[in-house]
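What follows is a set of notes on a single structure, which appears directly below.
Protein chains: 2
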Amino acid sequence: MSKCESCIVREFNALKSLTREELMRVSACKTAKIFRKGHVIFEEGETLNGVYCVKSGVCKLTKMSENGKDQVVKLVVKGGLLGKRSLVTEQKTNLSAVALNDMEMCFVPKSEIMDDLNKNPKFTMDVLKTMAEDLKDSDESLVNMAQKSVKRRMAEILMYIHDNFGTDDDGYLSIVLSREDYASIVGTATESAIRILSQFKKEDIISTSGKRIKIEDYHSLKWME
Amino acid sequence: MSKCESCIVREFNALKSLTREELMRVSACKTAKIFRKGHVIFEEGETLNGVYCVKSGVCKLTKMSENGKDQVVKLVVKGGLLGKRSLVTEQKTNLSAVALNDMEMCFVPKSEIMDDLNKNPKFTMDVLKTMAEDLKDSDESLVNMAQKSVKRRMAEILMYIHDNFGTDDDGYLSIVLSREDYASIVGTATESAIRILSQFKKEDIISTSGKRIKIEDYHSLKWME
DNA sequence: AATAAAATATGATTTTTGTCAGGTTTTTTT
DNA sequence: AAAAAAACCTGACAAAAATCATATTTTATT
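Chain order of the listed sequences is A and B.
So for the first sequence, full-length UniProt numbering puts the first residue at 1; every next one is plus one.
So for the second sequence, full-length UniProt numbering puts the first residue at 1; every next one is plus one.
Here is the structure:
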C-alpha cells in the first residue's frame, strides 16, 4: 500500500469499505499538493470538484459571519478530509479552508469517488456514518457556544487541542495558533481572547513562549466555573 | 399511495429513491402514534430503533448543557424526521425530542429501512444529501450563535419561523412557543428573551396576544443592527 | 368562580464581554 | 542590523447580558 492510501484509510474510515481494486484506483489518481502557512486552500462559495486529504500539517475550516468576522468551525489534521460535502451535493462549499502551517495534501477528484459512492452501498453507508458523527459534534459545539462563557470555551478549546492533537517534546500544544485564531474559534473579540489567556497565565494555569502555549494545570481548566 | 407514504416522501426526499415496492413495505409497517403537548418523544441517551416521521404538530430537538439549561438545536414540523442518526449508528441519541403541541407521528422501525439502506445505493446517497444539508445548516447556526448578539438572534428566529412555518389566519406565527423556548433557541436567559420581545413590542416591530406573536415590521427585524 | 400554579413582565444591580486607544514585543522584510 | 509590519498586551470605558427580586398576568386546577 502506498503511503497516501494508508493515510486516507487511517482516519477517514469510510474508505475502509472500498475493495482493494477500488482503493488502488482512487489512490492512483490522487494529486499531492503543498500549501504554505496561511495559504487559502479553498474559499467559501467555490465549487469543489473533489476532496483533500491531509497528509501533514493543520488547517482551519472557517465561515464568514455577516459582521465580517471569521468563525472557525473545525480544525483538521493528518488523515482528515476537506470538502466531504462536495461529494454529495453540487452546491458551492459553505466553508473556507486555510493552512495554519505548512501542509501536504492529497487531492482526490470527485469523479473517481463518485463511482464507488453510487455502486458500493457499504462505502456510502460508511461516509454516512462519518457525516452523522460530524453532525453530532456540531450539535455539541452549538450548545457550548450558546450556553458557556467565553472563559469556559477558551478552557475547553485548550483541552481539546491538548487531548486531540497532543504536545511537542517541551510539553507545548503541538498546534500553534495566533490569538486571533483562538478568538475566532471561541467566538469572541481578539482582545478578550488575549485577556483570558493572560489571566490563565497569571493564575499559572498555562504558560507561554511566544505563540506557543503549555498547559500547566489541566485540572483547573477542567473544573473552571 | 397512503397518506403516510406521501407524508414521508414529501419532505424527507431521501425516501423518494425507494422503489414503489420498497416504499409500500416501509409504509406498511409504520406505527401511528399520538403525542400530547409537552410529551417527551425520546430523551438524550436513549437508544432509538427507528425514525419518527412527523404527520402533524411541531417538536423541538434539544440538548442539555452542562450548566443544566436545555438548548434547542432544531425545530421539526410536518414531514420532518426524528432520529435519522439512529439509522446510521448504534450510538445513543444525542438529542431529546419534545412535542410543542399535540402531534401525530409515524414510527418506522430501523430494521425495515436498514435493508434498503444497505442495498439501494441511490437511497443511501439521498440520505447522505439530507445529512450534508443538516451539517451545512449546523455550521450556519454555530456562526450565528458565536458572532451575533442575542437581539439579532431573536430577530432571526422570528423571521425563520415566519418564513418556514408561516402564519395563521390572523397573521400570528403559526408556531407558538413559550418565552422560555425562545430563550432556549436563542441561547440566553429567559428574562433576557422576554426583555427583548418586550422591546420589539414597544418599537412596534411585533405585537402579541398571549403567547402568540405577530410580526408587524419584518423590515426592521431584517435590518436590525 | 376561586384558588393555585405557571408564565410573563420589569426594575435594580452585577458580571461579562466588546470597543477604542495606546502601548510593547515579536516577526518579517529590506 | 535596521526598519517596517504584524502580533500581542493592557487600561479605561461602554455596551450587552445575566442574575436576583418582585410584580402582574395568564392558565390550569379544584
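Beta carbons: idealized from backbone N, C-alpha and C, even for Gly.
Neighbourhood of residue i by C-beta, 7 Å cutoff - its chain only, sequence neighbours within 5 removed
| i | result |
| --- | --- |
| M64(A) | E44 and D70 |
| I205(B) | E216, D217, S220 and L221 |
| E46(A) | K92 and T93 |
| S17(A) | N120, K122, F123 and D126 |
| M186(B) | A small fix is needed here, since residue 186(B) is Val in this sequence, not Met. Closer than 7 Å at Cβ, skipping near neighbours: V150, R153, M154, I157 and A193. |
| D168(A) | S174 |
| F200(A) | I206 |
Outcome for residue i when other beta-carbon atoms lying within 10 angstroms are tallied against a minimum of 16
| i | result |
| --- | --- |
| A32(A) | exposed |
| M105(B) | buried |
| R85(A) | buried |
| G50(B) | buried |
| Q147(A) | buried |
| T208(A) | exposed |
| M24(A) | exposed |
| D170(B) | exposed |
| I175(B) | buried |
| V88(A) | buried |
| S111(B) | exposed |
| G57(A) | buried |
| I34(B) | exposed |
| D116(A) | buried |
| V40(A) | exposed |
| S198(B) | exposed |
| K37(B) | exposed |
| K60(A) | buried |
Chain A contact for residue i (CB, 9 Å cutoff)
| i | result |
| --- | --- |
| P109(B) | no |
| K119(B) | yes |
| D169(B) | no |
| T190(B) | no |
| G187(B) | yes |
| K122(B) | yes |
Reference residue i, options the options, closest by Cα
| i | options | result |
| --- | --- | --- |
| R153(A) | D170(A), T188(A), K129(A) and L177(A) | T188(A) |
| I213(B) | T93(B), Y172(B) and D181(B) | Y172(B) |
| S149(B) | D102(B), A183(B), G57(B) and D170(B) | A183(B) |
| Y160(B) | K129(B), P109(B), F35(B) and K74(B) | K74(B) |
| E203(B) | D115(B), I185(B), M224(B) and K211(B) | M224(B) |
| N67(B) | N144(A), E22(A), T62(A) and K201(A) | N144(A) |
| M131(A) | F35(A), V54(A), L82(A) and A99(A) | L82(A) |
| N164(B) | V76(B), N118(B), D102(B) and D116(B) | V76(B) |
| V108(B) | L100(B), V54(B), K37(B) and S141(B) | V54(B) |
| L177(A) | D139(A), E140(A) and N101(A) | N101(A) |
| E21(A) | E90(A), A97(A) and I113(A) | I113(A) |
Test: residue i CB closer than 9 Å to a CB of chain B
| i | result |
| --- | --- |
| D181(A) | no |
Cutoff 8 Å; reference residue i; Cβ partners in own chain excluding five residues on either side
| i | result |
| --- | --- |
| residue 226(B) | As displayed, chain B neither begins before 1 nor continues past 225, which places residue 226(B) out of reach and without an answer. |
| E180(B) | T190 and A193 |
Cutoff 6 Å; reference residue i; Cβ partners in own chain excluding five residues on either side
| i | result |
| --- | --- |
| I196(B) | K151 and M154 |
| R10(B) | With a pLDDT of 43 at R10(B), under the threshold of 50, the modelled position of that residue is not reliable, and no figure is offered here. |
If contact means a Cβ-Cβ distance below 7 Å, which residues of the UniProt domain "Cyclic nucleotide-binding" (14-105) of chain B contact chain A? Cβ contacts with chain A: K63, S65, N67, K69, Q71, V73, R85, V88, T89, N94 and L95.
Chain A contacts made by the segment 141-165 of chain B, where a contact means CB separation under 8 Å: S141, L142, V143, N144, M145, A146, Q147 and K148
Chain A contacts made by the segment 126-139 of chain B, where a contact means CB separation under 8 Å: V127, L128, K129, M131, A132, E133, D134, L135, K136, S138 and D139
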